[in-house]
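Here the sequence shown is numbered in the numbering used here, starting from 224 and rising by one per residue.
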Amino acid sequence: AQYGSDAIAGVINFKLKTDASGWRLRTRLGGYTHGDGEEATLEGGIGLPLGDAGYLNVGVQASDSAPTSRSEPYDIAIAGSGITPLGATASQATVNGVTYYGPDAFTFSYSPSGDIVQALPGSDGIPDDLDTRFADNFQRIGGDRDFESPAQIWGQPDRRQANVVVNAALPLAAFELYGFATYATKDQTGGFFYRRPGVSQLLPVRLADGSIYDPRASLYPSGFTPQFSGDVVDQAILGGVRGERANGFMFDFSAGRGADEIRYRIANTMNPSMGPRTPTRFRPGNLVNSEMAVNADFAWPWETGLPSPVNVAFGMEYRDETYRIEAGDRPSYEVGPFGRPDPFDFEITQAEVDADPDDDVTAIECRIPGFESIGSLCPAGDPINNTLPIGSNGFPGYPPAFSSELHRDSQAVYVDLEGELSLRWLANVAVRYESFSDFGDVGIWKLASRYKATDNVNLRASLGTGFRAPTPGQLATTNVSTRIDPNGFPRAEGVFPSTHPAAALFGGQPLDPERSRSWTLGLATTPFERFTLTADLYRIRLDDRIVLSSQFAVGPEEAADLMRLGVPGANDIAQVRFFTNDVQTETSGVDLVASWAFDSSLGSTTLNAAFNVNRTRILDRGRFVDAEAEHDVEKGVPATRGVITLVHGVGRFDLMLRARYYGEYKNALNASLETVQTFGREVMVDVELTRIWREKFALKAGVQNVFDNYPDRGEFEVCCGRIYRSDSVTPWQGTLVYFQGSWSAN
């Protein structure tokens with residue numbers, strides 16, 4: 224209850240290093256046995272004295288992880304045949320002795336009986352698929368990345384990261400000054416869906432001089448795969464003063480500020496509506512979230528005649544939050560001339576003739592050079608009528624109309640009492656009251672108790688409420704991204720704030736805070752020396768849970784409404800989603816944790832085990848969440864998980880063995896629930912060997928997922944070379960081998 228909106232699901236306490244002397248250095252190299260995903264990490268730190276009793280501790284880290292690919296050649300399901308990539312071999316580039324270089328190369332499959340079947344949705348039938356220029360240009364569709372299936376990559380992105388942490392404290396006569404600062408930057412790049420040469424982004428158009436511009440011929444002959452990047456910068460600084468009076472009264476005043484920024488980039492793509500003027504690299508915009516908090520915390524030992532003083536903790540907090548959307552560069556959102564049909568008025572239609580009977584336009588007409596004709600329209604299917612998508616394809620930029628800033632502040636007070644009612648019984652009660660500038664007032668509370676049944680058995684229980692206010696990002700974020708449908712065609716999906724006109728069109732309402740009610744029962748015991756066991760039961764009910772709505776299809780009427788409301792690129796949006804308080808859930812489970820340490824003639828051994836059973840039920844859902852979403856919330860993660868770790872030490876060597884268990888889970892293909900795949904149980908084994916020299920230098924060699932285990936293949940993956948679900952709960956990259964060295968000195 225002390226922590227308010229941040230603590231609806233618990234609190235993580237990060238402890239920063241406080242060493243006033245010594246240094247440390249660690250390096251790690253690794254990679255997957257698949258032959259990719261090479262990683263390197265270098266980190267170090269140093270502790271320095273500050274004054275007579277203070278410290279200054281600095282830590283730095285840099286890492287680089289290469290991308291991975293767990294893809295098959297690009298393929299799609301064959302309409303009406305029932306054949307999916309699981310029922311066929313990988314797509315063939317050479318069929319009946321003929322080599323295909325264009326999109327048709329990815330759309331031939333063999334049936335289980337060995338017959339060749341052509342996937343019509345992916346075959347554009349263009350004869351120049353036999354042209355070797357497709358082979359010469361093929362590498363470009365993957366953004367110059369050397370993978371087995373460059374058209375479509377499913378795997379880990381390319382990542383680079385650097386972190387700096389500084390922590391310091393300086394004791395003075397009556398109090399202590401303290402503070403910390405963090406800075407982190409991460410650059411991550413991954414591929415979007417492959418755009419085949421036959422899709423709408425690459426349709427030809429007529430330029431102002433009447434000539435035909437074909438982006439296939441001049442820009443992306445083999446189609447293209449946008450490469451999406453995000454530069455993330457996270458920084459924070461906090462300072463404070465704390466101390467303790469002679470009577471035990473403690474105080475802590477602090478102020479801190481933090482900010483997170485995402486700077487988007489997208490390359491190897493185009494703004495189709497700009498025609499030949501389009502760049503191939505864009506900056507779609509930035510998202511910036513910043514927070515400022517001022518805290519005053521106090522604690523006082525209250526003598527009441529109980530076995531020990533009652534600890535009275537109380538405090539106040541002021542928090543200010545700002546979320547900002549910054550517009551992208553102009554080409555990323557520009558509405559080029561080809562965002563509408565016939566931008567240069569090559570064709571005079573009857574509607575144009577009738578629109579103004581007094582002007583010089585008196586008859587339908589075709590003005591295309593070589594096709595000039597008064598009294599007849601231009602040839603059917605001429606490129607003048609092609610309407611191309613607007614904005615950097617894959618992730619259109621934020622236009623100035625989407626640029627916005629959301630601000631809110633809150634004030635809170637809390638009181639927490641904890642004391643021993645008897646020599647065996649500890650009790651705790653806490654309350655918190657908080658006032659938000661945009662959500663009004665809220666109060667939460669918690670009761671907790673621990674009873675020492677015997678010297679080796681403790682019983683514990685808690686009961687309380689909680690809440691979580693919608694994040695500024697959930698309240699304000701707007702983005703339109705491109706997905707690929709099961710037939711391999713691109714579809715734009717827009718996620719809008721719940722109060723945006725596009726969301727309101729489908730029933731979106733202002734968001735409310737999530738509220739929770741929970742209870743826990745627990746047992747902690749040490750039945751014999753060096754063996755501990757804890758067991759905890761819990762249940763959490765969450766009202767007004769914030770989730771993304773199901774997808775609402777945008778038809779011609781809805782598109783017209785969105786255009787009327789001023790939504791950029793409304794003609795290209797096929798689906799609309801928004802955040803909604805549309806679900807009431809209940810999560811219950813049990814956590815078991817055991818630890819046993821013992822010595823023998825073979826050395827010292829520690830055995831740790833953790834096992835969890837966890838189930839979530841949807842008690843109620845509204846019309847914005849469909850049956851597929853309900854099914855996947857309840858059954859889309861393993862109900863059981865476990866980890867067993869054994870560490871055995873002999874002399875200067877330590878051997879670690881670990882087994883990770885993931886239980887069964889299910890995924891529904893659509894809201895009809897007629898097609899549901901069950902993903903089986905998985906066990907993954909890790910091993911690590913450590914050699915230590917004089918407590919200062921250590922070398923480690925390890926293997927994660929020793930037996931190269933993978934989750935079940937996605938039976939219903941009908942597009943684009945995906946083998947494993949990219950949202951798989953179980954790891955799906957295979958075996959990782961690493962080596963690590965560490966040095967330290969006090």
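Heads up, the beta-carbon is just placed ideally off N, CA and C, and yes, glycines get one too. Nothing here was measured: the structure is a model prediction, and the numbers come from that model.
As far as DSSP is concerned, Met-786 takes part in no beta bridge.
Taking C-beta separations shorter than 8 Å and ignoring five residues to either side along the sequence, the partners of Thr-803 in its chain run Ser-721, Gly-731, Gln-732, Leu-734, Ile-769, Val-770, Leu-771, Ser-772, Gly-845, Phe-847, Val-848, following chain order. If only complete runs of 3 or more residues are kept, the region 876-952 shows the beta strand (DSSP E) at 876-885, 888-891, 899-902, 905-916, 920-927, in order along the chain. With 16 or more other CB atoms across the displayed protein chains lying within 10 angstroms of its CB, Gln-424 is buried. Under the three-state reduction of DSSP output, Pro-449 falls in the coil class, being neither helix nor strand. In the structure shown, Asp-577 falls within a helical segment according to DSSP collapsed to helix, strand and coil. Per DSSP, the continuous beta strand (DSSP E) segment holding Tyr-961 begins and ends at 959-968. Boundaries around Lys-675 are those of the beta strand (DSSP E), 663-677, since no alpha helix (DSSP H) includes it. The region 413-476 contains, as complete beta strand (DSSP E) runs of 3+ residues, the segments 450-467 (chain order).
For Gly-462, the CB contacts under 6 Å within the same chain, skipping 5 residues up- and downstream, are Gly-402 in chain order.
Looking at the DSSP output, Ser-739 sits in a beta bridge with Gly-689, Leu-765.
Sequence-distant Cβ neighbours of Gly-717 in its own chain, meaning closer than 6 Å and more than five residues away, are Val-703, Ile-796, Val-799. DSSP links Phe-521 through a beta bridge to Phe-474, Phe-537. The region 279-294 and the region 379-392 touch, with no fewer than 3 CB-CB distances between them shorter than 8 Å. Per DSSP, the continuous beta strand (DSSP E) segment holding Tyr-656 begins and ends at 648-659.
Comparing C-alpha distances from Tyr-546 to each of Pro-427, Thr-572, Ser-626 shows the shortest one belongs to Ser-626. Here the region 628-640 lies against the region 543-560, with 3 or more beta-carbon pairs under 8 Å apart.
For Trp-525, the number of other beta carbons within 10 angstroms of its own is below 16, and it is reported as exposed. The residue from Val-960, Pro-861, Asp-678, Val-638 with its alpha-carbon nearest to that of Phe-521 is Val-638. In the DSSP assignment, Ala-285 falls within the unbroken beta strand (DSSP E) covering 277-288. Listed in chain order, the non-local C-beta contacts of Phe-398 below 7 Å within the same chain comprise Val-464, Arg-465, Gly-466, local neighbours out to five positions each way being set aside. Gly-378 is positioned such that its CB atom lies no closer than 9 Å to that of Gly-253. Per the C-alpha coordinates, the member of Ala-550, Asp-579, Leu-600, Gly-614 positioned closest to Val-558 is Gly-614.
Taken atom to atom, the span from the alpha-carbon of Pro-750 to that of Leu-830 is near 16 Å. Counting the other CB atoms within 10 Å of its CB gives Asp-605 a total of 16 or more, which places it among the buried residues.
Between the C-alpha atoms of Thr-839 and Arg-764 there is a straight-line separation of about 10 Å. Ranked by how close their Cα comes to the Cα of Gly-666, the residues Thr-755, Gly-903, Thr-688 have Thr-688 in first place. A contact between stretches requires three or more CB pairs, one per stretch, nearer than 8 Å, and the region 734-747 fails this requirement with the region 779-791. Taking 9 Å as the cut-off, the Cβ atoms of Ala-850 and Leu-892 do not count as close. In this structure Leu-785 is buried. Its beta-carbon is surrounded by 16 or more other beta-carbon atoms within 10 angstroms. According to DSSP, residue pairing for Val-636 in a beta bridge involves Met-539, Tyr-656. Around the C-beta of Gln-927, 16 or more other C-beta atoms lie within 10 Å, and the residue is accordingly described as buried.
With a 10 Å radius around the Cβ and a threshold of 16 neighbouring Cβ atoms, Thr-953 comes out buried. Beta-bridge pairing by DSSP links Ile-269 to Trp-246, Val-281. Secondary structure of Ser-823 (DSSP, three-state): strand. CA-to-CA, the gap between Pro-272 and Lys-238 works out to about 19 Å.
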